[in-house]
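Chemist:
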Amino acid sequence: MLRHSLATTFLANGGDLATLQQIMRHENIATTMKYVHMNMPTVIERHNQYSPLRDAIRGAQGVLIKREVEEILEKA
């Protein structure tokens, strides 16, 4: 139980999987993953925080919104 708590808490506090693998002395990352228990809200939060897609999506949305505003202003 201690190893499960360590793994889950380490990642929840911002640690990365590769470092956790080394701490737990696992040769295979799949073994480390067996000890990690992340709930879906945490997974979504981490994705939103660290995904490189986040900025790309926000940038694309910003361009689309700007174009829509320009089109509306041109029609007015």
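Count along the sequence shown from 1, add 140, and you get the number used in this note's numbering. Positions of the beta carbon are idealized from the N, C-alpha and C atoms, including for glycine.
#1: Counting only the same chain and skipping the five closest in sequence on each side, list residues whose C-beta sits under 7 Å from that of histidine 144.
#2: Using three-state DSSP, classify asparagine 188 as helix, strand or coil.
#3: Assuming glutamine 161 contacts threonine 172 under a Cβ cut-off of 8 Å, what Cβ separation, rounded to an integer in Å, is found between them?
#4: Kindly give me the distance between the Cβ atoms of threonine 182 and alanine 158, rounded to whole angstroms, as I take these residues to be in contact under 8 Å.
#5: Would you call alanine 170 buried or exposed, if buried means 16 or more other Cβ atoms sit within 10 Å of its Cβ?
Modeler: Concretely, from the data shown:
#1: Tyr175, His177
#2: helix
#3: 4 Å
#4: That pair is no contact at about 19 Å.
#5: exposed
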